Amino acid sequence: MSLLRKVSHNSKFQIFMGFIIASFIITLIYIGLCLYTVHQLKNRISSEIIAKKIECTDLNVQFSYFTIILNCSQLAFKNNKTKTTLAVGGLKIIGSIFNPQKISWNLQSPAKIYKNPQFILSGQWESFSSKIENALTKDKNSLTVIEQLKIDISSLPSINLGTLTIKEAKIGVKNNNQYLAINSSFDNTNFISGYTPFSLSPFSIKSDVLLFQNPNKNLEEDILSLCFIKGEVKNLTIDFGDNRRISFSGPFSCNFNGLISANIHIEIENFHKVEQLISESFPIYDQTYFYLGKILEKLSRRSKNDTISLKLNIYDGFIKVGFIPLGTIPPLK
Numbered sequence: 002m003s004l005l006r007k008v009s010h011n012s013k014f015q016i017f018m019g020f021i022i023a024s025f026i027i028t029l030i031y032i033g034l035c036l037y038t039v040h041q042l043k044n045r046i047s048s049e050i051i052a053k054k055i056e057c058t059d060l061n062v063q064f065s066y067f068t069i070i071l072n073c074s075q076l077a078f079k080n081n082k083t084k085t086t087l088a089v090g091g092l093k094i095i096g097s098i099f100n101p102q103k104i105s106w107n108l109q110s111p112a113k114i115y116k117n118p119q120f121i122l123s124g125q126w127e128s129f130s131s132k133i134e135n136a137l138t139k140d141k142n143s144l145t146v147i148e149q150l151k152i153d154i155s156s157l158p159s160i161n162l163g164t165l166t167i168k169e170a171k172i173g174v175k176n177n178n179q180y181l182a183i184n185s186s187f188d189n190t191n192f193i194s195g196y197t198p199f200s201l202s203p204f205s206i207k208s209d210v211l212l213f214q215n216p217n218k219n220l221e222e223d224i225l226s227l228c229f230i231k232g233e234v235k236n237l238t239i240d241f242g243d244n245r246r247i248s249f250s251g252p253f254s255c256n257f258n259g260l261i262s263a264n265i266h267i268e269i270e271n272f273h274k275v276e277q278l279i280s281e282s283f284p285i286y287d288q289t290y291f292y293l294g295k296i297l298e299k300l301s302r303r304s305k306n307d308t309i310s311l312k313l314n315i316y317d318g319f320i321k322v323g324f325i326p327l328g329t330i331p332p333l334k
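Everything in the sequence shown is counted per the numbering used here, starting at 2 for the first residue and increasing by one.
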């Protein structure tokens, strides 16, 4: 009887030790695979960064609790074609090995964008985060949220053009290989001019825009260069509160020379209240907006609740309402 107990005890001990050894081997294999994955990921990311001419200072890839974390202390990008330079305080990308299709990332303040290089945008924010789904496919979906955004706009030499502040910005992008669907909202937006004296009350913006893919072109580069873009504004609404809204919709395009063409439908709710708001915001142009408002009333269709609608035609940068020219839009290149 004691011999049977001894054999049973030894058998349990062997099973226990076998389990410990197997767990140890599996752990070593797992750690090895993780280290190999991190190493390969770092090499791949480094090659992608080099290919896109992005400078990622102090690139560091870590693995923690089934999560891969990539850090850059500073991010810089330069597009020689558009003469645009971007510098950001830092970048952090987080992905799970169990679900590599989902990636989250955030940018650290501050950021600067130089254009040509006289035009400068300087940005600061409290939070700048984004989540991407289907990250490894062409049908990527993303949602970016920016809180307490402040953008200073200036030009050389040291001319302050104004400051834009946004309490919260949300930008959603869906890509289905035929077009990019961009939905965005900007809450409690305010702009303070540093060049022309005016005071515009806070407003909100909501937009739904489609950018059509060209199979022979790279849409990402087209957006950066602001050329060869075709799309449609499904809806873009500026809301000043108190039922004062301006809405835009219609197709648009930008040609090789950076000239815009568009057929835009404009609807202004509570037209006279909006007219008064704009006139008070730009007092030095008070008479100009007064006469412009009268012209718009004559050229537009009007409903009973003081809502007017009109068509704005733009061809290669030339703007017209009906047969009346309003000015030109300079090339975006």
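Each residue gets a CB set at the ideal place from its N, CA and C atoms; glycine is no exception.
None of the values given here were measured: they were computed from a predicted structure.
Here the alpha carbon of residue 105 sits roughly 43 Å from the alpha carbon of residue 274.
Leaving aside the five residues that flank residue 193 on each side, the residues in its chain whose CB is nearer than 7 Å to its CB run, in chain order, 163, 164. Look at residue 119 here: in three-state DSSP terms it is coil, with no helix or strand label. The criterion of a C-beta distance shorter than 8 Å is not satisfied by residue 93 and residue 69. Following the DSSP letters along the chain, one finds residue 276 inside the alpha helix (DSSP H) bounded by residues 272–282. In its chain, beyond the 5 residues on either side, 72 have a beta carbon closer than 6 Å to the beta carbon of residue 61.
Under the three-state reduction of DSSP, residue 148 is assigned to strand.
In the DSSP assignment, residue 175 falls within the unbroken beta strand (DSSP E) covering 160–176.
With 16 or more neighbouring CB atoms inside 10 Å of its own CB, residue 181 falls in the buried class. For a cut-off of 8 Å, the C-beta gap from residue 170 to residue 147 is around 4 Å, short enough to register as a contact.
Cβ-Cβ distances below 8 Å link residue 240 to 204, 205, 206, 207, 246 in the same chain, with the five nearest sequence neighbours on each side left out; the list follows chain order.
By the Cβ-count criterion, residue 96 is buried, with 16 or more other Cβ atoms from all chains shown falling within 10 Å of its own Cβ.
For the pair residue 115 and residue 302, the Cα-to-Cα distance works out to about 42 Å.
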